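Beneath this line is the structure, given in structure tokens, with notes to follow.
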Amino acid sequence: MLRRWELNEPTRVMTLLIGMILNTFILHSAYLRFFVTLGSYISTIVTTPSFSSLFLVNKMIADLLSNGNFWITSTLFISLLGAIIFRMDRDIGYANLIYSLPYRKWEIIGIKYIVLFLYSLMLTFIPFFSVAILSNLSIAEHLPGILFSRLTMLKMLLTLYIILYMTTLVTLVSLLSPSTLMAFVASISLLFLPFFIHISEVPPLIFLESSVKEVFTPKCTIWGVIVPLALLTTSIITSERRDVR
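Read left to right, the sequence shown gives residues 4 to 248 (our numbering).
Now the structure itself:
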């Protein structure tokens, strides 16, 4: 019951859909700009795709996951979704009903986090795969090899690191914030700060500016796995020790 409600609550579903539409538009525009820069080389890719031309398409598709506008929009909507999922029930007043269900607090927080994580995956990967596939139907037989190439898979792993960091940070901030608005403002401020003052040593820029060769280096695994685990653990402890209603 709780999982179904958390996944299908109308406000967050509508927010997710708007974010997905905006992300699809941003990635499609970025991909079109790639093709404009190639000019007459496009016909060669479509009519007689070679190894070099397919590698170029592969690189263009993988680079979509590093698009700055895409991540600014994704950051905005992940912060908004987190604030809605973790705070809005308390602001509106139906938190008492949720927390009266036969679940422990950490289980409720866990379900809410899973919903935020799934929404964030949909927010980023559905637009990415939609643009990558629909924009390259002329070379459809080569798409599986491109989308599951080592380059693209490593880019997706970097994207997963970003999502893990963002969602766990937003979760903790939302639990500590006194209202939905404050949760959103605090989350967006913490996540946008590296973009605006260009702090490349912390997420999300540390992942966006890392090459695929650095995916398994300590700096990426610490920020992409260990820090999110610490943030999520802190969130669960926080939920158990305070009245989250």
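Glycine residues also receive a C-beta, built at the ideal position from the N, C-alpha and C atoms.
Since we're looking at a predicted model, the values are computed, not measured.
Assigned exposure category for E9 - 16 Cβ within 10 Å defines buried: When all chains shown are included, E9 counts as buried.
The segment 190-202 / the segment 132-150 touching (three or more Cβ pairs under 8 Å): No, the segment 190-202 is not in contact with the segment 132-150.
Nearest candidate by alpha-carbon position, reference K158, set L68, N26, N61: Closest by alpha carbon: L68.
Touching by the beta-carbon criterion (3+ pairs, under 8 Å), the segment 112-128 and the segment 212-223: Taking 8 Å as the limit for Cβ pairs, the verdict is that the segment 212-223 does not touch the segment 112-128.
Ranges of the alpha helix (DSSP H) found wholly within the segment 129-167, counting only runs of at least 4: The segment 129-167 contains these whole alpha helix (DSSP H) runs: 146-150.
Own chain, CB closer than 6 Å to N72, minus 5 neighbours either side, in chain order: Counting only Cβ-Cβ distances below 6 Å, and skipping sequence neighbours, we find I29.
Assigned exposure category for P181 - 16 Cβ within 10 Å defines buried: By the 16-neighbour rule on beta-carbons within 10 angstroms, P181 is exposed.
Assigned secondary structure, E9 (DSSP; H/G/I helix, E/B strand, else coil): Three-state result, E9: helix.
Segment limits, alpha helix (DSSP H) that includes F187: From DSSP, the alpha helix (DSSP H) with F187 extends over 183-200.
Inter-residue spacing [alpha-carbon to alpha-carbon] between W226 and L211: Computed Cα separation, rounded: 12 Å.
Cβ neighbour criterion (16 or more within 10 Å) applied to I81: Around the C-beta of I81, 16 or more other C-beta atoms lie within 10 Å, and the residue is accordingly described as buried.
Residue from E144, M91, A65 whose Cα sits closest to the Cα of F128: That would be A65, whose Cα lies nearest to the Cα of F128.
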